[in-house]
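Taking it in order: structure first as structure tokens, then the write-up.
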Amino acid sequence: MKKIVTMSLVAAMAMTSAHAVSNSALAAKLSALEAELAAVKKDMKKQKKKINQVRAHDANDNIKWGVDLRTAIDNINYDMADGSSQGKNDLMSLRLWLNMAYAPDSHNIFKGQLSMHKAFGADFGLRGWGMDNFDWVTNEALTNDNLRVRQAYWLYLGEKAFGADIPWTFSIGRRPSTNGFLANLRDDDAAQSPLGHIINVEFDGLSSKLDLSNVTGVPGMSIKLCMGQGSTNAAARFTTSTDYANIDGAVNDIALAGFIFEPYNDGQYIVKSTYYKAFDLPDLIDPMNPSLGMENVGDMEGAALSVLVDGLSDDGILADTKVFGSLAWSKTRPDSGKTMLGSAESETGTSYWFGAQVPVLGGKLGAEFNHGSQYWRPFTYAEDTMIGSKLAARGDAFEVYYTYQLTESLSAQLRYTSINYDYTGSNGFFGSTTGASYSIDDLKAWAAGGDPMAQGMLPYIVEKAQDARFYIRYRF
């Protein structure tokens, strides 16, 4: 018995010793692996730094170019309030974007875009009543074969704002203020800075963004401050003896300031909001006599809240389905003795917009609907719709489109847009001449009752508009 116990103790001690040796060896291996992993990470960091240096060197030597060429044909129709109609069955257009990018280092980026947009066989020169010469739409309106600057801005990328873990940016120049959030879906583009429901114009200005996600723990939370100038009243060269000085009695500078707040963005659920105030907005003094020029009529405020759900499930058709909704608001602030949108009072406008995009047969099928009230007025003059901005409609607008990627660089789209107006002035400016908002049904009733002013207005009032478009687009 004693012998058995002794042998058992010896065996137990041997097993314990072996186990200790095994643990010691394992610990040594883990320590060696940790050291090796640390060395690999250090080496990767060095390699990444070298790669960034190479990229910066290459960017310092070269501007990266991209081409976006679109050929389109539109069938447009306008139903006028007097029962007549106007339109064009075969409006062909060519749009060219030459995209530029340049990054000399990891903190500084230059981006630019040259643009040409013309109707086949046409050079419209001075168009309309001078209103579409406004800088807001100079690259969206059909003009001629001249290249113009659509975007040109410098962007600085900072790492720690106010010493905190807050990445930040600052940008100034001709900013990317068209094709914004949600408007980009039917246009088949990446979303640019603004909320497309309320801002879609070319603009010169500056912006600064703070990424708050690290300090708040909320995915994608950020705030961006924006300021810009929509026009200047500086005297052009050689028009007076004081080049570029303010012109007394002329339209004041148009300025805009606001912010974009993104409370949540995890890539699937995206929520964005915005508020702005625009100052010294204009309208034509007399649309029948454009030579009289424009006058300032007042200020305006606006706001929007937009939500996009990108994917309704983890797999299947719903995984690539997008649905969205957006609410927007505008408020006029007429100057003393002036009127805005046909009223001397401060008027409120509202709009709602919702839609969906579903993958179908290898392409993207989308449908959208929006409605605007009597005094609704957004800044969406550069919207890519030949019959005028659908999102500016004081009434209802419906749209359906199908986009198909033919090859890696070539795509096609078929689109139909229909707008039914309840009030006049949807695509005008801000006063009571081009922008006045009158009930179309009331005007028709007055005309039927023999009112000569209403009868004279009806042939110039669009009650319904339709645009059917097909395009081929090449991008690389």
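Read in order, the letters of the sequence shown correspond to residues -20 to -1, 1 to 456 in mature numbering (1 follows the signal peptide of the UniProt record, and there is no 0). In this text, a Cβ means the ideal position worked out from N, Cα and C, and glycines have one as well.
Item                                                                                                                                                                        : Value
In terms of alpha-carbon separation, which member of D59, D431, A170 lies closest to D422?                                                                                  : D431
Should E16 go down as buried or exposed, given a rule of 16 or more other Cβ atoms within 10 Å for buried?                                                                  : exposed
How many angstroms separate the CA atom of L135 from the CA atom of S11?                                                                                                    : 45 angstroms
Going by CA-CA distance only, name the one from A61, I265, M80, D315 that's closest to Y133.                                                                                : M80
Select from N276, A215, M268, M201 the residue whose C-alpha is nearest the C-alpha of A235.                                                                                : N276
Grouping DSSP H, G and I as helix and E and B as strand, with all else coil, what is L438?                                                                                  : helix
Measure from the alpha carbon of K252 to the alpha carbon of each residue in R217, S331, G200, then state which is nearest.                                                 : G200
Just to confirm, are S412 and R374 a CB contact at a threshold of 8 angstroms?                                                                                              : no
With distances taken from CA atoms, which of F304, Y403, A362 is nearest W116?                                                                                              : A362
In this structure, how does DSSP classify residue 469 when only helix, strand and coil are distinguished?                                                                   : Residue 469 lies beyond the range of the chain shown here (-20 to 456); nothing can be said about it.
Along the chain, which unbroken stretches of the alpha helix (DSSP H) at least 4 residues long are found entirely within the segment 288 to 351?                            : none
What's the gap between the Cα of A141 and the Cα of P156?                                                                                                                   : 23 angstroms
Going by DSSP, what residue range makes up the beta strand (DSSP E) through V47?                                                                                            : 44 to 60
Return the Cβ separation of L165 and G352 in integer angstroms, given the expectation that the two are a contact with Cβ distance under 8 angstroms.                        : L165 to G352, Cβ: 19 angstroms. No contact.
If you measure from the beta carbon of L78 to each beta carbon in chain D, is any gap under 8 angstroms?                                                                    : Protein chain content of the structure displayed is limited to a single chain, and chain D is not contained in it.
Which residues mark the beginning and the end of the beta strand (DSSP E) in which D422 is found?                                                                           : Looking at the DSSP string, D422 is not in any beta strand (DSSP E); the run it does join, the alpha helix (DSSP H), is 420 to 428.
So, residue 465 versus E120, is the Cβ gap smaller than 8 angstroms?                                                                                                        : Any answer about residue 465 is impossible in this case: the structure gives the chain only from -20 up to 456.
Please classify Q131 as buried or exposed, where buried requires at least 16 other C-beta atoms within 10 Å of its C-beta.                                                  : buried
Return the bridge partner residues of L390 from the DSSP annotation.                                                                                                        : Y454
Could you work out which residue in D191, G343, A99 is closest to residue 466 when comparing CA atoms only?                                                                 : Here the chain covers residues -20 to 456 and nothing more, so residue 466 does not appear.
Here's a check: name, in chain order, each residue in its chain whose Cβ is nearer than 8 angstroms to the Cβ of Y403, leaving out the five neighbours to either side.      : Q354, R374, G375, S417, Y418, S419, I420
Going by DSSP, what residue range makes up the beta strand (DSSP E) through V129?                                                                                           : 128 to 138
Could you give the residue range of the alpha helix (DSSP H) that holds T149?                                                                                               : T149 -> not in any alpha helix (DSSP H); beta strand (DSSP E) instead, spanning 148 to 155.
In terms of residue numbering, what span does the alpha helix (DSSP H) encompassing D167 cover?                                                                             : 163 to 167
The alpha helix (DSSP H) that contains N194, what's its start and end?                                                                                                      : 193 to 196
Can you look up G182 in the DSSP assignment and give me helix, strand or coil?                                                                                              : Inspection of the sequence shows that residue 182 is occupied by Glu rather than by Gly. Note: E182 maps to coil in three-state DSSP.
Quick one: using the 10 Å Cβ neighbour count with 16 as the cut-off for buried, is K22 buried or exposed?                                                                   : exposed
Report the three-state DSSP secondary structure of G415 (helix, strand or coil).                                                                                            : coil
State whether the segment 297 to 316 contacts the segment 326 to 339, with contact taken as three or more CB pairs (one from each stretch) at a distance under 8 angstroms. : yes
How is F100 classed by DSSP in three states: helix, strand or coil?                                                                                                         : coil
Tell me the DSSP secondary structure of P432 in three-state form.                                                                                                           : helix
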